[in-house]
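In full-length UniProt numbering, the protein residues as written are 1 to 332.
Just so you know, even glycine gets a beta-carbon here, dropped at the ideal spot from N, CA and C.
None of the values given here were measured: they were computed from a predicted structure.
A quick write-up on the structure given underneath.
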Amino acid sequence: MPISALPEQIADWLVHFPASGVLQFTDRGTEAVDKPECDGYVVLMGQSLAPEHVAATLKQIRDMGMATCCFVPFAVGDVWTVVLGTSAHSSDLMQWLKVQDWSIDGAHVAELPRLQAGGLILMDMDSTAIQIECIDEIARLAGVGEQVAAVTAAAMHGKLEFSESLRNRVALLKDAPISILDQVAANIPLMPGLTDLVSTAKAAGWKVAIASGGFTHFAGVLQRDLGLDHIESNVLDIDGDRLTGKVNGRIVDAKVKAETLAELKERYQVSDKQTVAIGDGANDLPMLKAAALGVALHAKPVVREQAQVAIRHMNLEAVICLLQAGDVIAQA
Numbered sequence: 001m002p003i004s005a006l007p008e009q010i011a012d013w014l015v016h017f018p019a020s021g022v023l024q025f026t027d028r029g030t031e032a033v034d035k036p037e038c039d040g041y042v043v044l045m046g047q048s049l050a051p052e053h054v055a056a057t058l059k060q061i062r063d064m065g066m067a068t069c070c071f072v073p074f075a076v077g078d079v080w081t082v083v084l085g086t087s088a089h090s091s092d093l094m095q096w097l098k099v100q101d102w103s104i105d106g107a108h109v110a111e112l113p114r115l116q117a118g119g120l121i122l123m124d125m126d127s128t129a130i131q132i133e134c135i136d137e138i139a140r141l142a143g144v145g146e147q148v149a150a151v152t153a154a155a156m157h158g159k160l161e162f163s164e165s166l167r168n169r170v171a172l173l174k175d176a177p178i179s180i181l182d183q184v185a186a187n188i189p190l191m192p193g194l195t196d197l198v199s200t201a202k203a204a205g206w207k208v209a210i211a212s213g214g215f216t217h218f219a220g221v222l223q224r225d226l227g228l229d230h231i232e233s234n235v236l237d238i239d240g241d242r243l244t245g246k247v248n249g250r251i252v253d254a255k256v257k258a259e260t261l262a263e264l265k266e267r268y269q270v271s272d273k274q275t276v277a278i279g280d281g282a283n284d285l286p287m288l289k290a291a292a293l294g295v296a297l298h299a300k301p302v303v304r305e306q307a308q309v310a311i312r313h314m315n316l317e318a319v320i321c322l323l324q325a326g327d328v329i330a331q332a
């Protein structure tokens, strides 16, 4: 049966899959296959995932000279996911998926961590675990919002060295009342999917942590509310009831984030293959590249281009889909 003959709703595909859970695509159509040998995988996911997205991807894979198969689709909530196995891993296919003008997300990887095998998730905080840049919110309340936001944007796009840019931004907060920290902390908008990702991962035995160029005042709130296993973030210096405009101790920059991944992997005895890093800014790139699965979430162009996986439309539920895709592949 050709892909064009499959039903319009992905949910209705399930009855067409064999007991092995894998269909091989051939010139004649599809046929059941046991234990497919794949050197790469494509994951397509989204609420509006449709057969035309799968068909366009299959055509691209074939045009690149690769054979492909399809694993049984699955849903995470109302988000459907289709996993395609490919006979090779191609950086060209990876980039092709990143630039498609679709309302869904697609990723191409050589392998995937398995949700049910446990592991380590290390994520950035600002604009990744939460929807704001905390320093920008503090600055707005302190009356220096525009000045600080401009520097934040430049740093996240990789145009400024992070540590120096952070010191410069914090210096602008000198003499601001510490009460504004509590104002921001009381109204932190979580990234959609964060709670589900943390609860799903921890139920499967994962450790979940934050490595942030932001501040412990806010990362601590997330640790308390979500039961995070570890936070690595910056400490604002305080004198009485005022900010001094300085940061205490080492700054959590790109290097420290990558080091934190290595340290936590060792502490929790996690396999290299079971590490996930998530971020959006240029200072997250070393961490993303050090993990088995590096996910750029709503990221800046420089990060989206270099990251293994770029999520443009979905939120953190995409990471659940990717990890469950790893289980589906392993179980086939």
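By Cβ distance below 8 Å, which residues in the same chain neighbour Ala254 in space, the five residues on each side in sequence not counted?
Walking along the sequence shown from the start, residue 254 turns up at place 254. Residues Phe162, Ala282, Asn283, Asp284, Leu285, Pro286, Met287 of the same chain have their beta carbon placed closer than 8 Å to that of Ala254, with the five preceding and five following residues left out of the count.
Hey, out of Ala299, Ala332, Pro36, Gly205, whose CA is closest to Ile121's CA?
Here the question's residue 121 lines up with position 121 in the sequence shown. Checking every option, the nearest Cα to that of Ile121 belongs to Gly205.
Buried or exposed: Asp105, going by 16 or more other Cβ atoms within 10 Å of its Cβ?
Taking the sequence shown and counting its residues from 1, one reaches residue 105 at position 105. Burial call: buried.
For Val328 and Phe74, which I take to be in contact (beta-carbon distance under 8 Å), what is that distance rounded to the nearest angstrom?
As a working mapping, residue 328 is identified with position 328 in the sequence shown. As a working mapping, residue 74 is identified with position 74 in the sequence shown. With a Cβ gap of about 6 Å, Val328 and Phe74 count as contacting.
In chain order, what residues of the same chain lie with their CB nearer than 8 Å to the CB of Ile238, ignoring the 5 residues before and after it?
By one-based count along the sequence shown, residue 238 stands at place 238. Residues Ile178, Thr244 of the same chain have their beta carbon placed closer than 8 Å to that of Ile238, with the five preceding and five following residues left out of the count.
With a 10 Å radius around its C-beta and 16 neighbouring C-beta atoms as the bar for buried, classify Thr86 as buried or exposed.
Stepping through the sequence shown from its first residue, residue 86 is reached at position 86. Buried, since its Cβ has 16 or more Cβ neighbours within 10 Å.
Where Ile132 and Val42 are concerned, what is the direct C-alpha to C-alpha distance, given to the nearest angstrom?
Taking the sequence shown and counting its residues from 1, one reaches residue 132 at position 132. Taking the sequence shown and counting its residues from 1, one reaches residue 42 at position 42. So the alpha carbons of these two residues sit roughly 31 Å apart.
Just the Cα atoms here: how many angstroms apart are residue 349 and Asp175?
With the chain covering 1 to 332 only, the question about residue 349 has no answer from this structure.
With Asn248 as the anchor, note down where its beta strand (DSSP E) starts and where it stops.
For the purposes of this step, residue 248 is taken as the residue at position 248 of the sequence shown. Where Asn248 is concerned, the enclosing beta strand (DSSP E) stretches over 242 to 248.
Compute the Euclidean distance between the alpha carbons of Phe25 and Ile251, then round it to the nearest angstrom.
Residue 25 sits at position 25 when you count from the first residue of the sequence shown. Residue 251 sits at position 251 when you count from the first residue of the sequence shown. Straight-line Cα distance between these residues: approximately 51 Å.
Roughly how far, in whole angstroms, is the beta-carbon of Ser48 from the beta-carbon of Asp126, given that I think they are within contact range, below 8 Å?
If you number the sequence shown from 1, residue 48 lands on position 48. If you number the sequence shown from 1, residue 126 lands on position 126. That belief does not hold up - the Cβ atoms of Ser48 and Asp126 are roughly 29 Å apart, past 8 Å.
Could you compute how far the alpha carbon of Gly65 sits from the alpha carbon of Ala55?
Here residue 65 refers to the residue found at position 65 of the sequence shown. Here residue 55 refers to the residue found at position 55 of the sequence shown. Going by the C-alpha atoms only, they are around 15 Å apart.
Would Asn248 be called buried (16 or more neighbouring beta carbons within 10 Å of its own) or exposed?
Looking up residue 248 in the sequence shown gives position 248. The residue is exposed, with fewer than 16 neighbouring Cβ atoms inside 10 Å.
So, for Gly145: in the same chain, excluding its five sequence neighbours on each side, which residues have a beta-carbon less than 8 Å away from its beta-carbon?
Along the sequence shown, read from residue 1 onward, the residue named residue 145 stands at position 145. Within the same chain, Gly145 has close Cβ partners Asp136, Ala139.
Identify the residues that DSSP records as bridge partners of Asp126: which are they?
Residue 126 sits at position 126 when you count from the first residue of the sequence shown. Its beta-bridge partners are Ile130.
Have a look at Ile130 and Val76 and give me their C-alpha separation to the nearest angstrom.
One-based indexing of the sequence shown puts residue 130 at position 130. One-based indexing of the sequence shown puts residue 76 at position 76. Looking at the two C-alpha atoms, the distance is approximately 21 Å.
Can you tell me whether Val15 is buried or exposed, with buried defined as 16 or more other CB within 10 angstroms of its CB?
Counting from 1 along the sequence shown, the entry for residue 15 is found at position 15. With fewer than 16 other Cβ atoms from the protein chains shown falling within 10 Å of its own Cβ, Val15 counts as exposed.
Going by beta carbon distance, what residues of the same chain come within less than 6 Å of Ala310, once the five residues before and after it are set aside?
Within the sequence shown, residue 310 is the residue found at index 310, counting from 1. Hits under 6 Å: Lys98, Ala296, Arg304.
Is Asp124 near the ligand GDP, going by C-beta to nearest heavy atom under 8 Å?
Because no ligand of any kind appears in the structure shown, any question about the ligand GDP cannot be addressed here.
At the level of alpha carbons, what is the spacing between Ala117 and Glu111?
The sequence position of residue 117 within the sequence shown is 117, counting from 1. The sequence position of residue 111 within the sequence shown is 111, counting from 1. The alpha-carbon atoms of Ala117 and Glu111 are separated by roughly 14 Å.
How would you call Gln269, buried or exposed, if buried means at least 16 neighbouring beta carbons within 10 angstroms?
Start at 1 with the first residue of the sequence shown, and residue 269 comes out as number 269. With fewer than 16 Cβ atoms within 10 Å of its Cβ, Gln269 is classed as exposed.
Sort Phe218, Leu141, Met314, Ile320 by Cα distance to Ser103 and report the nearest one.
Within the sequence shown, the letter at position 103 stands for residue 103. The shortest C-alpha separation from Ser103 is found at Met314.
How many Å lie between Val33 and Ser20 at the Cα?
Locating residue 33 in the sequence shown gives position 33, counting from the first residue. Locating residue 20 in the sequence shown gives position 20, counting from the first residue. Approximately 7 Å between the Cα atoms of the pair.
On the three-state DSSP scale, how would you describe Val198?
For the purposes of this step, residue 198 is taken as the residue at position 198 of the sequence shown. The answer is helix: DSSP assigns Val198 an H, G or I state.
What does the alpha-carbon distance come out to for the pair Asp229 and Val208?
The residue given as residue 229 occupies position 229 in the sequence shown. The residue given as residue 208 occupies position 208 in the sequence shown. One C-alpha to the other measures close to 6 Å.
If you check the beta carbons only, do Gly193 and Leu115 fall under 9 Å apart?
Counting from one through the sequence shown, the residue named residue 193 turns up at place 193. Counting from one through the sequence shown, the residue named residue 115 turns up at place 115. Taking 9 Å as the Cβ cut-off, Gly193 and Leu115 do not qualify as a contacting pair.
Run through DSSP, which three-state label would Trp80 get?
On the sequence shown, position 80 is the one that residue 80 refers to. Trp80: strand per DSSP, three-state reduction.
Grouping DSSP H, G and I as helix and E and B as strand, with all else coil, what is Leu44?
For the purposes of this step, residue 44 is taken as residue 44 along the sequence shown, with counting starting at 1. Leu44: strand per DSSP, three-state reduction.
Which of the three DSSP states is assigned to Asn234 in this structure?
Here residue 234 refers to the residue found at position 234 when the sequence shown is read from its first residue. It is a strand residue.
Could you spell out where the beta strand (DSSP E) holding His108 opens and where it closes?
The sequence position of residue 108 within the sequence shown is 108, counting from 1. Looking at the DSSP string, the run of the beta strand (DSSP E) that includes His108 is 105 to 109.
From what residue to what residue does the alpha helix (DSSP H) around Cys321 run?
Here residue 321 refers to the residue found at position 321 of the sequence shown. 317 to 331 is the extent of the alpha helix (DSSP H) around Cys321.
Let me know if Lys35 comes out buried or exposed under the rule of 16 or more other beta-carbons within 10 Å of its beta-carbon.
Translated into the one-based positions of the sequence shown, residue 35 becomes position 35. So Lys35 counts as exposed.
Considering only residues of the same chain and omitting the five flanking positions on each side of Ala171, which have a CB-CB separation below 6 Å?
Position 171 of the sequence shown, counting from 1, holds the residue named residue 171. Counting only Cβ-Cβ distances below 6 Å, and skipping sequence neighbours, we find Gly245.
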